[in-house]
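Residues 1 to 61 (the working numbering) are what the sequence shown spells out, left to right.
All C-beta atoms, glycine included, are put in the ideal place defined by N, C-alpha and C.
None of the values given here were measured: they were computed from a predicted structure.
Data first, discussion second: the structure below is written as structure tokens.
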Amino acid sequence: MAVSDDVAVAEKALTAFDLPQGSILHLLNLSENATYSVEEPGTGHRSILRVHRKDYHRADQ
1 MAVSDDVAVA
11 EKALTAFDLP
21 QGSILHLLNL
31 SENATYSVEE
41 PGTGHRSILR
51 VHRKDYHRAD
61 Q
């Protein structure tokens, strides 16, 4: 998966987890997963979001 794909998935996850629109993603690490710091606008509250690489593990693992 390309970095741009990871960002697209991360941006979709912001909505799924009810994070405010305009939250800012900062890539922290890219390895087996893409790990982002998420900063909420206005409050500055930060959280971590990890996007697992597609097909990294088989379903039976």
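query                                                                                                        : result
Please report the distance separating the alpha-carbon of Asp6 from that of Ser23.                           : 16 Å
Quick check: what's the CA-CA separation for Val38 versus Ser47?                                             : 5 Å
Could you tell me which residues DSSP puts in a beta bridge with Leu30?                                      : Ala34
Determine the extent of the beta strand (DSSP E) in which Ser23 is found, giving its start and end residues. : That residue, Ser23, is in no beta strand (DSSP E); it is neither H nor E in DSSP.
Return the first residue and the last residue of the beta strand (DSSP E) that His66 is part of.             : The structure shown has nothing for residue 66, since the chain only spans 1 to 61.
Rounded to the nearest angstrom, what separates His45 and Phe17 at their Cα positions?                       : 14 Å
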